[in-house]
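Undergrad: Have a look at the structure that comes next, please.
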Amino acid sequence: MFRHEQIEINAGLLIALTLVVISVGGLVEIVPLFKIGSTVEEVAEVRPYTPLELRGRDIYQREGCFYCHSQMIRPFRDEWLRYGHYSLAAESQYDHPFLWGSKRTGPDLARVGGKYSNAWHVQHLIDPRSVVPESIMPAYPWLMERELDYADVARRMAALRKAGVPYSLTEEEYRRNVERWGRAIADMLDIRRAEEALLRQAEAGNYDGDRRHLTEMDALVAYLQVLGTMVDFKKYGEAYFVQFR
Amino acid sequence: MSETRADRGRGAAVQTTGHAWDGDLQEFNNPLPRWWVWAFYATVLFAVVYWLFYPAWPVGEGYTKGPLNSITFEADGKTWTTHWNTRARLMRELKESPAAVRQRQYLEKVAAAGYDEILADPDMKGFAWSMAKGLFGDNCAPCHGSDGKGRIGLFPNLADDAWLWGGTVEDIETSIREGRRGFMPAFGEALGEAQLDDVAAFVLSLSGHEVDPAQAARGARIFRGDAGGCHYCHGMDGTGLKSQGAANLTDRIWTVAKVPASPSLEGKLEAVKRVVREGIRREMPAWKGRLDPVQIKLLTVYVHELGGGQ
Numbered sequence: 001m002f003r004h005e006q007i008e009i010n011a012g013l014l015i016a017l018t019l020v021v022i023s024v025g026g027l028v029e030i031v032p033l034f035k036i037g038s039t040v041e042e043v044a045e046v047r048p049y050t051p052l053e054l055r056g057r058d059i060y061q062r063e064g065c066f067y068c069h070s071q072m073i074r075p076f077r078d079e080w081l082r083y084g085h086y087s088l089a090a091e092s093q094y095d096h097p098f099l100w101g102s103k104r105t106g107p108d109l110a111r112v113g114g115k116y117s118n119a120w121h122v123q124h125l126i127d128p129r130s131v132v133p134e135s136i137m138p139a140y141p142w143l144m145e146r147e148l149d150y151a152d153v154a155r156r157m158a159a160l161r162k163a164g165v166p167y168s169l170t171e172e173e174y175r176r177n178v179e180r181w182g183r184a185i186a187d188m189l190d191i192r193r194a195e196e197a198l199l200r201q202a203e204a205g206n207y208d209g210d211r212r213h214l215t216e217m218d219a220l221v222a223y224l225q226v227l228g229t230m231v232d233f234k235k236y237g238e239a240y241f242v243q244f245r
Numbered sequence: 001m002s003e004t005r006a007d008r009g010r011g012a013a014v015q016t017t018g019h020a021w022d023g024d025l026q027e028f029n030n031p032l033p034r035w036w037v038w039a040f041y042a043t044v045l046f047a048v049v050y051w052l053f054y055p056a057w058p059v060g061e062g063y064t065k066g067p068l069n070s071i072t073f074e075a076d077g078k079t080w081t082t083h084w085n086t087r088a089r090l091m092r093e094l095k096e097s098p099a100a101v102r103q104r105q106y107l108e109k110v111a112a113a114g115y116d117e118i119l120a121d122p123d124m125k126g127f128a129w130s131m132a133k134g135l136f137g138d139n140c141a142p143c144h145g146s147d148g149k150g151r152i153g154l155f156p157n158l159a160d161d162a163w164l165w166g167g168t169v170e171d172i173e174t175s176i177r178e179g180r181r182g183f184m185p186a187f188g189e190a191l192g193e194a195q196l197d198d199v200a201a202f203v204l205s206l207s208g209h210e211v212d213p214a215q216a217a218r219g220a221r222i223f224r225g226d227a228g229g230c231h232y233c234h235g236m237d238g239t240g241l242k243s244q245g246a247a248n249l250t251d252r253i254w255t256v257a258k259v260p261a262s263p264s265l266e267g268k269l270e271a272v273k274r275v276v277r278e279g280i281r282r283e284m285p286a287w288k289g290r291l292d293p294v295q296i297k298l299l300t301v302y303v304h305e306l307g308g309g310q
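Chains as they are written, first to last, in my numbering: chain A, 1 to 245; chain B, 1 to 310.
Below, the structure written as structure tokens:
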């Protein structure tokens, strides 16, 4: 007859069985995420970040902006009224890791793109209280002083490609991106020409308002300005998104 | 917790788990309190009921959707019924929650009314004010300040009587809907330091500052002639062309030049010179993609009432 004592006095068996029990909980949560395809909405226009935006995202992580800012608008009426359309799973499908965050000391940033001018972001990041006197956000003046290091941007993209982000490394992959998003965007997502694309976008956007220097501010503002702007919600009916739940 | 109260009283043999180590080392078995056990069974029962009403278990490539529950909502002009989920619930709430229903009555009334009707009706005006105050705080205050007073050099004051692009409801609505780009070229290279001194003196004389008359006269020629060409945007009299969003230089209200901050005339001249030397490039974002037409209408009423709307 089975007796509990047999497990209790056998350390190896106890460890093995403990692992089995714990993994049941983990597997029940994780496996369905790979199998249930229907929860990621089909919205064609969501694309990976351009090299400049990607570096901006890295800086966003480095500075810990996500400790105070979420990027996840939940489907509640108050959030809908304040921030706009709730976040879609598709909108963070190329995020590794996710920057959803869990604490809102400051407002949600999932749809901050296009809300303010570049000049406002620059001013606000250098000295938040100069534009919002009651702000408790820390100042990040060094972003404007530090040159952007983009030497390894191609390798960063290559790493993300391994995780399934469709940056192109071959002609075939490039052509597929052209079909999906058009030539202008596909050019931005080509690992072989990453530095060139980064410089082109920074030059055209002049995000930090200073053409002489390519700073970390350029990259961070480029990233903030794209947040939540990829999906054109007017193209879809609201019932469309409901069916993915 | 090795013995129960009853055991202590009687010194009776207590229940043990049954194993003995080293011959006589035993372990007491204290059963869980009964209320705890029942509470546990209750949570199990609750879970089973929950599974019947809400999405729960992954099965194959789908999941159980809560067969005994459904939600009906309106969207895209049609009525839909689906299994319970938060997105459908949001759609229903946007249409049917008591706050939404009450708000919609007013929103529809405001949408149908003209600006003069809204401004004349205390009920509608009150609604516009309180609704727009929230919208202003979320969207406009980070630039224009929560009181709308802006910051000289960065963002214009909306709470005064001076308007760059016009203060009628139509002008204000266009400013909000389409956004505005305030642009003035940099004159640092075209004009030398001496000419900048002259033109700055003239600019200050327009708003009644006591400056050297000879210098101001030289400045006037630059301002009104082709050397500066200031009049193309600011007008011959310096009151500013609305079509260019050019500031009125004859009032004592400053939106870019940090004139009020300097007590001395030299400081004021320097503040004007700096603006003329470096030029201006300011951007007010367009809100038509982010806010709907009724929200823009409410904000127009709010801004109009905040400052001296015309």
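Ideal Cβ positions, reconstructed from N, Cα and C, are used throughout, including at glycine.
Name the two residues that bound the continuous beta strand (DSSP E) containing B:W80.
TA: The residue you call residue 80 of chain B lines up with position 80 of the second sequence. 78-82 is the span of the beta strand (DSSP E), which, as asked, contains B:W80.
Undergrad: Interface residues of chain A around B:M184 at Cβ under 8 Å?
TA: Within the second sequence, residue 184 of chain B is the residue found at index 184, counting from 1. Chain A residues near B:M184: none, gap ~15 Å exceeds 8 Å.
Undergrad: By DSSP, does A:R212 sit in helix, in strand, or in coil?
TA: For the purposes of this step, residue 212 of chain A is taken as residue 212 along the first sequence, with counting starting at 1. Coil, per DSSP.
Undergrad: Does the CB of A:N118 have a neighbour CB from chain B at under 9 Å?
TA: On the first sequence, residue 118 of chain A is found 118 positions in, with the first residue counted as 1. Cβ-Cβ to chain B under 9 Å: yes for A:N118.
Undergrad: Contact check, A:G64 vs A:G228 under 8 Å by CB: the rounded distance?
TA: Against the first sequence, residue 64 of chain A aligns to sequence position 64. Against the first sequence, residue 228 of chain A aligns to sequence position 228. Actually they do not touch by this definition, with Cβ atoms about 20 Å apart.
Undergrad: Can you grab the Cα-Cα spacing for the pair A:W80 / A:R74, in whole Å?
TA: Reading the first sequence from its first residue, position 80 is the one you call residue 80 of chain A. Reading the first sequence from its first residue, position 74 is the one you call residue 74 of chain A. Rounded to the nearest angstrom, the two C-alpha atoms are 8 Å apart.
Undergrad: What three-state label does DSSP hand B:A217 in the structure shown?
TA: Here the question's residue 217 of chain B lines up with position 217 in the second sequence. Of the three classes helix, strand and coil, the one that applies to B:A217 here is helix, per DSSP.
Undergrad: Using beta carbons (cut-off 9 Å, strictly below), is B:N85 in contact with chain A?
TA: Counted from its first residue, the second sequence places residue 85 of chain B at position 85. Yes, contact with chain A.
Undergrad: Is the shortest distance between the beta-carbon of B:T82 and the beta-carbons of chain A less than 9 Å?
TA: Here residue 82 of chain B corresponds to residue number 82 of the second sequence, with the count starting at 1. Yes, contact with chain A.
Undergrad: Taking the continuous alpha helix (DSSP H) assigned at B:A159, which residues delimit it?
TA: Locating residue 159 of chain B in the second sequence gives position 159, counting from the first residue. Premise fails: B:A159 is in no alpha helix (DSSP H) and is neither H nor E.
Undergrad: Please return the same chain residues whose Cβ sits closer than 6 Å to the Cβ of B:Q244, not counting the five positions on each side in sequence.
TA: Looking up residue 244 of chain B in the second sequence gives position 244. Around B:Q244: C233.
Undergrad: What does the Cβ neighbour count give for B:N69, buried or exposed, with the cut at 16 atoms within 10 Å?
TA: By one-based count along the second sequence, residue 69 of chain B stands at place 69. Answer is exposed; the Cβ neighbour count stays below 16.
Undergrad: Check whether the Cβ of B:M124 lies closer than 9 Å to any Cβ atom in chain A.
TA: Numbered from its first residue, the second sequence carries residue 124 of chain B at position 124. No, because no Cβ of chain A sits closer than 9 Å to the Cβ of B:M124.
Undergrad: Note down, in chain order, all residues in the region 20-43 of chain A with a beta-carbon under 8 Å from any beta-carbon belonging to chain B.
TA: Result list: V28, V31, P32, K35, I36, G37, S38.
Undergrad: Do three or more CB pairs link the region 217-224 of chain A to the region 52-59 of chain A at distances below 8 Å?
TA: A contact exists between the region 217-224 of chain A and the region 52-59 of chain A.
Undergrad: Just to confirm the assignment, what range does the alpha helix (DSSP H) spanning B:F40 have?
TA: Looking up residue 40 of chain B in the second sequence gives position 40. Start and end: 34-53.
Undergrad: Just the C-alpha distance for A:D127 and A:E145, rounded to the nearest angstrom, thanks.
TA: By one-based count along the first sequence, residue 127 of chain A stands at place 127. By one-based count along the first sequence, residue 145 of chain A stands at place 145. Those two C-alpha atoms are separated by around 14 Å.
Undergrad: Quick one: any contact between the region 189-198 of chain B and the region 280-299 of chain B, if contact means 3 or more CB pairs under 8 Å?
TA: Contact between the region 189-198 of chain B and the region 280-299 of chain B is absent, because fewer than three Cβ pairs lie under 8 Å.
Undergrad: Taking A:Q6 as part of the alpha helix (DSSP H), name the residues at either end of that continuous run.
TA: Counted from its first residue, the first sequence places residue 6 of chain A at position 6. Taken as a continuous stretch (DSSP letters only), the alpha helix (DSSP H) holding A:Q6 covers 4-8.
Undergrad: Quick check on A:V132: does DSSP put it in helix, strand or coil?
TA: As a working note, residue 132 of chain A is residue 132 in the first sequence. In this structure, A:V132 counts as coil in the three-state DSSP scheme.
Undergrad: Helix, strand or coil: which one does DSSP assign to B:Q244?
TA: Residue 244 of chain B sits at position 244 when you count from the first residue of the second sequence. Helix at B:Q244.
Undergrad: If you drop the 5 nearest sequence neighbours on each side, which residues of the same chain put their C-beta closer than 6 Å to that of A:N118?
TA: Working through the first sequence from its first residue, we reach residue 118 of chain A at position 118. Excluding sequence neighbours, A:N118 sits near Y207, V221.
Undergrad: Would you tell me roughly how many angstroms separate the C-alpha atoms of A:I136 and B:F136, rounded to the nearest one?
TA: Locating residue 136 of chain A in the first sequence gives position 136, where the first residue counts as 1. Locating residue 136 of chain B in the second sequence gives position 136, where the first residue counts as 1. Answer to the nearest angstrom: the Cα atoms are 20 Å apart.
Undergrad: Starting from A:G56, follow the alpha helix (DSSP H) in both directions and report where the run begins and ends.
TA: Numbered from its first residue, the first sequence carries residue 56 of chain A at position 56. Run containing A:G56: 51-62, per the alpha helix (DSSP H) assignment.
Undergrad: Check whether the Cβ of A:P75 lies closer than 9 Å to any Cβ atom in chain B.
TA: Translated into positions along the first sequence, residue 75 of chain A becomes position 75. It does; some Cβ of chain B falls within 9 Å.
Undergrad: Quick one: which chain B residues come within Cβ less than 9 Å of A:R245?
TA: By 1-based counting over the first sequence, the position of residue 245 of chain A is 245. Simply P55, T82, H83, N85, T86, R87, A88.
Undergrad: Nearest to B:V49 by CA position, among B:W35, B:R34, B:K65, B:V37, is which residue?
TA: Residue numbering aside, residue 49 of chain B sits at position 49 when the second sequence is read from its first letter. When each option's Cα is compared against that of B:V49, the closest is B:K65.
Undergrad: Rounded to the nearest angstrom, how far is the Cβ of A:G237 from that of B:D76, given a contact under 8 Å?
TA: Position 237 of the first sequence, counted from the start, is the residue given in the question as residue 237 of chain A. Position 76 of the second sequence, counted from the start, is the residue given in the question as residue 76 of chain B. That belief holds up - the Cβ atoms of A:G237 and B:D76 are roughly 4 Å apart, short of 8 Å.
Undergrad: Who are the neighbours of B:M131 on chain A, taking C-beta pairs under 9 Å?
TA: Numbered from its first residue, the second sequence carries residue 131 of chain B at position 131. In chain order: nothing, as chain A lies at least about 10 Å away.
Undergrad: Classify A:H69: buried if its beta carbon has 16 or more other beta carbons within 10 angstroms, exposed otherwise.
TA: As a first step, residue 69 of chain A must be located in the first sequence, where it is residue number 69. Buried, because 16 or more other Cβ atoms sit within 10 Å of the Cβ of A:H69.
Undergrad: If you run the structure through DSSP and keep just helix, strand and coil, what is B:M1?
TA: Counted from its first residue, the second sequence places residue 1 of chain B at position 1. Interpretation of B:M1 is limited by its pLDDT of 44, a score under 50 that renders its predicted location unreliable; no figure is taken from the coordinates.
Undergrad: Would you mind sorting B:G307 into buried or exposed? The rule is 16 or more other CB atoms within 10 Å of its CB.
TA: The count along the second sequence starts at 1 and reaches residue 307 of chain B at position 307. Label assigned to B:G307: buried.
Undergrad: Quick check on B:K78: buried or exposed, where buried means 16 or more other Cβ atoms within 10 Å of its Cβ?
TA: Position 78 of the second sequence, counted from the start, is the residue given in the question as residue 78 of chain B. Result: exposed.
Undergrad: Can you pull the chain A neighbours of B:P142, defined as C-beta to C-beta under 8 Å?
TA: In the second sequence, the residue the question calls residue 142 of chain B occupies position 142. Near B:P142 (Cβ distances below 8 Å), the residues of chain A are Y116, W120, H124, V131, V132.
Undergrad: Short of 8 Å in beta carbon distance, which residues of its chain neighbour B:R8, apart from the five on each side in sequence? Order them along the chain.
TA: Locating residue 8 of chain B in the second sequence gives position 8, where the first residue counts as 1. For B:R8, the predicted structure reports a pLDDT of 48, less than 50, and the residue's modelled location is therefore unreliable. The matter cannot be settled from this model.
Undergrad: Any contact of the region 126-133 of chain B with the region 265-274 of chain B, i.e. 3+ C-beta pairs under 8 Å?
TA: No: fewer than three Cβ pairs fall under 8 Å.
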